[in-house]
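For the sequence shown, this note's numbering gives the first residue as 142, with consecutive numbering after it.
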Amino acid sequence: INEILVSARRILSECDCSSSCTKCLRTYDNRLYQTSLNRFLGLDLLNYVTSSTSPVSFSAEEQRDRLRSLKDILQLEGWSATYDTDGHLVANQGATLHHVACFPSLLDSASINWPPNTSPFSIYELENSLPDVFAVIRP
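Right under this line is the structure:
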């Protein structure tokens, strides 16, 4: 089983796709679920199962990179959107102000000490359900 786990870790970590592809996760048998497959989440889960290593919170730069798509949508909708020093997205429209942060999907957002009035979203939500995230933020 160790050889299988080592091979799985190599495949997931060395692939250059953005989420999943036929080189790492996609097969004919999982064709109905391919939009939900994510090699990064799989690698985090594999690392947790094999070595009890939890993913670390994102740096400010990683936060900005991962929140960029949400920022773009908000700006297209007329919101003012910038980043704070922690990389969290600060968005406002009129009197509505939101602080948005993201975290690795395997972490429990309740276990992270967020600044007051911050709406945390997992990276999986941001990558797979961006319209739903926008709907939560929009009044």
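By construction, the Cβ of each residue, glycine as well, lies at the ideal position given by its N, Cα and C atoms.
Keep in mind that this is a model prediction, so the values were computed, not measured.
Quick one: what does DSSP say F275 is sitting in, helix, strand or coil?
-> In the sequence shown, residue 275 corresponds to position 134, counting from 1. Residue state, collapsed to three classes: helix.
Nonlocal neighbours in the same chain, by C-beta distance under 8 Å from L271, ignoring five residues either side = Translated into positions along the sequence shown, residue 271 becomes position 130. Excluding positions up to five away in sequence, the list reads S210, L211, I214.
Give a yes or no on contact between the stretch 220-239 and the stretch 168-184, applying the rule of three or more CB pairs nearer than 8 Å.
-> The stretch 220-239 vs the stretch 168-184: no contact.
Find the nearest neighbour of E218 within the set Q234, F199, D206, judged by alpha-carbon distance.
-> Here residue 218 refers to the residue found at position 77 of the sequence shown. Minimum Cα-Cα distance from E218 among the listed residues Q234, F199, D206 corresponds to Q234.
Locate the alpha helix (DSSP H) running through A149, then write down its first and last residues.
-> If you number the sequence shown from 1, residue 149 lands on position 8. A149 -> alpha helix (DSSP H) spans 143-155.
With distances taken from CA atoms, which of C156, S260, E144 is nearest T191?
-> One-based indexing of the sequence shown puts residue 191 at position 50. Among C156, S260, E144, the Cα nearest to that of T191 belongs to E144.
Which one or two residues does DSSP pair with V241 in a beta bridge?
-> The sequence position of residue 241 within the sequence shown is 100, counting from 1. DSSP output for V241 lists L230, S260 as bridge partner(s).
Would you give the residue range spanned by the alpha helix (DSSP H) that S210 belongs to?
-> In the sequence shown, the residue the question calls residue 210 occupies position 69. If you look at S210, you'll find it in the alpha helix (DSSP H) that goes 201-217.
Mind listing, in chain order, the continuous alpha helix (DSSP H) runs of no fewer than 4 residues lying wholly within the stretch 159-202?
-> Listed in chain order, they are 180-192.
Can the beta-carbon of A153 be found closer than 7 Å to that of R180?
-> By one-based count along the sequence shown, residue 153 stands at place 12. By one-based count along the sequence shown, residue 180 stands at place 39. According to the sequence shown, residue 153 is Leu rather than Ala. Contact flag set, yes.
Can you tell me whether V277 is buried or exposed, with buried defined as 16 or more other CB within 10 angstroms of its CB?
-> On the sequence shown, residue 277 is found 136 positions in, with the first residue counted as 1. Classification of V277: exposed, given that the 10 Å Cβ count is below 16.
Where do the ends of the beta strand (DSSP E) carrying A222 lie?
-> Counting from one through the sequence shown, the residue named residue 222 turns up at place 81. That run of the beta strand (DSSP E) goes 221-224.
Quick one: using the 10 Å Cβ neighbour count with 16 as the cut-off for buried, is D273 buried or exposed?
-> To locate residue 273, count along the sequence shown from 1; it is residue 132. D273 should be labelled exposed.
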